[in-house]
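Please read the structure below before turning to the comments.
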Amino acid sequence: MSRAARIALPLAAGLALGLWLLAAWRILPPAGWPALPLRPEAMSLDQILLGFGLMPRGAVALAAGAVLGLSGALLQAVLRNPIADPTTLGISAGAQLALVAATILMPGLMDHGRWPVAMAGAGLAAALVMAIGARRAFAPVSMVIAGMLVGMTASAIATAMVLARGEYLLSLVIWNGGSLVQQDWSGLRALALVLALGAIAAAGLARPLRVLSLGGEGARGLGMNVALVRLAALALAVAMAGAVSAELGLIGFVGLAAPALARSLGARNMMQVLALAPPIGALILSICDGVVLALAGATGEMFPTGALTGLIGGPLLIWLLPRLRGSTPPGTEAAEGPAPRLARPAPVLVALALAAAILALVLVWIGRLPQGWAVLDWPSFRAFLPLRLPRLVAAGAAGALLAMAGAILQRLTANPLASPEVLGVSGGASMGYAATLFLVAAPGQAALTAGTMLGGALALALVAAFARRRDMPAERVLLAGIAVSAMAAATLSAIMATESPQSWQVLAWLSGSSGTVGPVQAGVLAVLALLVAGLGWLMRRWLAALPLGAEVAAGLGLPLTPARLALIGLAGLATGAATVLVGPLSFTGLMAPHLARRLGLARARDHLAGAALIGALLMIAADFGARMAGFPYELPLGLFASLLGAPWLLWLMTRMRR
Amino acid sequence: MTTPLFAIDGLCVEVPGRRLLDGLTLSLPRGQVVALIGHNGSGKSTLLKVLARQVAPSGGDVAFDGRALADWPARDYARALAFLPQSTPPAEGMLVRELVALGRYPWHGALGRFGARDHAAVAAAMAECGVAELAGRLVDTLSGGERQRVWLAMMVAQQAGTLLLDEPISALDIAHQVEVLSLVRRMCHAQNRSAVIVLHEVNMAARFCDHVVALKGGRLAMQGGTGDLMRPEALAAIYGLPMQVLRREDGGPVAVPA
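Top to bottom, those sequences are chains V and C. Going by our numbering, the first sequence opens with residue 2, and the numbers climb by one from there. Going by our numbering, the second sequence opens with residue 2, and the numbers climb by one from there.
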């Protein structure tokens, strides 16, 4: 063990212990602590709170952290991927979705306990991510992008299931996942057992894994059954992550942080990482939980520790990315072969515009009643038109704005996978929304919109600054954006868990729909969409030259920095404005420009116009779906769109050539 | 004596932990095809990127046409000088005509009208580089040699008097190497343009260029005419390898490792 580790680990342990003692002291001074063995019938209420609440909680934090640290270290070893962990590979979110689905759809399944359900969910998510990764030679960044997308999709589906049944309060249960509050010692017993068995199994796997670190061919040459070792290690890691999910809920990024810290403390080879990661993970989770306890006071708060670890995860991932150098094979230059190009794009654009208008009209005309579907007659059509038109206009405008932002970003970064959602702009925008709620007393719609736009532009500037680093491949930029999104999601969860008045407003916004849109807001969005389209048309030559890269663009005398700033600002503005309505995730900004390009709209201005029209079409259709799918409850508009978009993105990744 | 094309004085370029160019002082002549040669990591590409203003020097002065590089506005510089990066980027969904027309950006800017002069310049550039019949093709569907000629046409459309080319032939077969370099040489001598070309292949440099600048370890190893280059002692000093110079039937020199 290095000197750094010898100093840092005892210090961290002392800090964890101190934080726990602080919380314990608040309940009861040490003189009154219960004697062992604990006998509840002879204890006071405070003693019970301590002996069956805080004491097991402290121990569970250590055990769960160790299990997650070991799981992450195993995943990183077997995938040879320093940014793998149960969160970044979507495993925890898969377990979470399985739990929610079973609770709502088949409560009977839960009779046998939460564990089998969570394991099944974790296993399915892991299998899906591995299947995608296998097509791309398990390239670390691709794996994590796929994993985080699977995770986001799983969370979106879980949220949609809850909201579609009108169980808005249950949604808080989801967001509260990751709380370490304990009522007895059973959780600790279960996790300690998992830790012990996991440690034994990991010790057995350590030597084969070290051989495997030579690479599959080398290991096979030494006579090893590579597939079996990989499968065993993955199954072990997934089972451990699923156990923590079943017991405590979503606790993100501990499995990422622990091996990373072990390495930076001087663990050079895989054995040392495997040995050091569990104690470090235990201390990380323990300190996080201690901080939560200290912040919340002794009053039995509900702030989930998982939200805090999520907050740490985003920045950690961004910090780790530049250190990945050399371990990633080059990724996705070409998408699914050259896209076609239309000789005459005008008819397609006109057809798209007509389709959007007709779809909007038809969707005003039909609706769902408790008894079934109905087509409105003329008088009711005229009565409903003023009610439904604003939301359709708003949805269409928001879709167009997101799509144009996506088209601009894809051209700016020459990356067909760029979009406001993926680059974290939407996440930043939602953080701007939340910040406005907390910083401005009783903010109006204008203040919220401005705050959201500012947040979007700031997040984009952050990612763009990151992207300017030398040798930074497009995929890592994407991952940085996804990390920003994850951080935003964690922030929103944390806000949600405070149950302050603002949290209800955030919840209303997240689960909100276009139903409350008035004519004024719809008009503003429409004007903004036209404004962005106009500005985009003015910048069409920059958009044509920038995909050729900075060298060529600068060689042509393009003012690179002002042009980039202007386009980033424009994309941030468009995203922010749309995010106020749609919420943080929709993937419209990814899908629409991509579809436009596949249709053969190649020139910058056709691409932009086509993307805007397709985005409007998609969002109008999503609005209809969100209104109808969970009738009589409305699903969040952005949520419904992301249920379409995230699988699309995953499918796209499986089709990309290596 | 006229002002040199580039006057370089004490140029240094550093990246963390390494000095790529180390106090380089030289001037490059006008109206000639100048080859920049040297071993891998000698700093030849870095020097070209400094001249193209793609890399900022950490020390020293560089003047183009008697005026310090930093004093040139971006579009004026692009009107005077065109740069072709080593690996030309994929031009996704772009037609040959459109790519060549991008060369007019320094002249019409972001909002200016694409007028008759621009159309004429694009047509002339495509004709000069022999890609007029490819005008309606997608750039990404062309062969390597054709694509390189299209990029050259874009530089010609820029109507710049100076061309900077970073290893323009490294991805081409021998026939296309000769074709592209002949085109560059013809373009320079017929239209009185200057060119600075980074080349790997010393025989190509000797055959197509008028003047040679050789770098070694970030410093100047030699400069002069191709006759000065094609001597065993000079080549051995540049590449750190004994070289032999043979004579072709027409008397031209050919260097091979001894």
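All C-beta atoms, glycine included, are put in the ideal place defined by N, C-alpha and C.
Going along the chain, which residues of its own chain have a beta-carbon closer than 7 Å to the beta-carbon of residue i, five neighbours each way excluded?
i          : result
Gln-506(V) : Leu-438
Ala-147(V) : Val-130, Ile-133, Gly-134, Leu-651, Met-654
Val-239(V) : Ile-92, Ala-123, Gly-124, Ala-127
Met-120(V) : Ala-240, Gly-243
Met-271(V) : Ala-78, Leu-210, Arg-211, Ser-214
Cys-189(C) : Val-34, Ser-195, Ala-196
Leu-16(V)  : Ile-288
Ala-62(V)  : Leu-181, Leu-286, Ser-287, Asp-290
Could you check if residue i is buried or exposed, using at least 16 other CB atoms within 10 Å of its CB as the buried criterion?
i          : result
His-212(C) : buried
Gly-315(V) : buried
Thr-492(V) : buried
Pro-41(V)  : exposed
Gln-192(C) : exposed
Ser-156(V) : buried
Glu-234(C) : exposed
Asp-624(V) : buried
Ala-447(V) : exposed
Arg-345(V) : exposed
Met-111(V) : exposed
Glu-552(V) : buried
Gln-245(C) : exposed
Gly-228(C) : exposed
Leu-229(V) : exposed
Glu-337(V) : Unreliable positioning characterises Glu-337(V) in this predicted model, as indicated by a pLDDT of 44, which lies under 50. The coordinate reading is nonetheless provided below. Under this definition Glu-337(V) is an exposed residue.
Arg-565(V) : buried
In the DSSP assignment, find the beta strand (DSSP E) that holds residue i and state where it starts and stops.
i          : result
His-595(V) : Element bounds for His-595(V): not the beta strand (DSSP E) but the alpha helix (DSSP H), 589 to 599.
Asp-10(C)  : 7 to 16
Ala-344(V) : Element bounds for Ala-344(V): n/a, residue is neither H nor E.
Ile-84(V)  : Unbroken run through Ile-84(V): none, as it is neither H nor E.
Ser-28(C)  : 19 to 29
Ile-198(C) : 195 to 199
Met-111(V) : Unbroken run through Met-111(V): none, as it is neither H nor E.
Ala-214(C) : As written in the sequence, residue 214(C) is Val, which differs from the Ala given in the question. Note, Val-214(C): beta strand (DSSP E), 212 to 217.
Arg-220(C) : 220 to 226
When DSSP labels each residue in this structure, what does residue i get in the three-state scheme?
i          : result
Thr-89(C)  : coil
Val-132(C) : coil
Thr-450(V) : helix
Leu-390(V) : helix
Met-244(C) : strand
His-40(C)  : coil
Leu-39(V)  : coil
Thr-300(V) : Note that Thr-300(V) scores 47 on pLDDT, short of 50, meaning its location in the model is unreliable and no value can be drawn from it.
Leu-164(C) : strand
Val-533(V) : helix
Ile-367(V) : strand
Val-130(V) : helix
Leu-223(V) : coil
Trp-374(V) : strand
Leu-602(V) : coil
Pro-258(C) : strand
Leu-210(V) : helix
Gly-327(V) : Interpretation of Gly-327(V) is limited by its pLDDT of 41, a score under 50 that renders its predicted location unreliable; the figure taken from the coordinates is listed afterwards. Gly-327(V) falls in the coil class under three-state DSSP.
At which residues does the alpha helix (DSSP H) containing residue i begin and terminate?
i          : result
Gln-273(V) : 271 to 297
Phe-439(V) : 426 to 440
His-177(C) : 175 to 192
Val-56(C)  : Premise fails: Val-56(C) is in no alpha helix (DSSP H) and is neither H nor E.
If I measure Cβ to Cβ from residue i and keep anything under 6 Å in the same chain, skipping five residues before and after, which residues do I get?
i          : result
Ala-406(V) : Pro-421, Ala-572, Ala-575, Thr-576, Gly-590
Ala-396(V) : Ser-515, Met-620, Ile-621, Asp-624
Identify, in the order they occur along the chain, each residue of the same chain with its Cβ nearer than 8 Å to the Cβ of residue i, setting aside the five sequence neighbours on each side.
i          : result
Ala-555(V) : Leu-561
Leu-559(V) : Trp-543, Ala-546, Leu-547
Ala-436(V) : Gly-452, Gly-456
Leu-549(V) : Ala-415
Ser-45(V)  : Gly-33
Gly-11(C)  : Gly-24, Leu-25, Thr-26, Gly-60, Gly-61, Asp-62
Next on the checklist: If we require 4 or more residues per run, which alpha helix (DSSP H) segments fall completely within the stretch 52 to 81 of chain V?
Outcome noted: If one requires a minimum length of 4 residues, the alpha helix (DSSP H) runs lying completely within the stretch 52 to 81 of chain V are 56 to 80, in chain order.
Checklist entry - Which runs of the alpha helix (DSSP H) spanning at least 4 residues fall entirely within the stretch 63 to 112 of chain C, listed in chain order? => result Correct list: 75 to 81, 97 to 103, 106 to 109.
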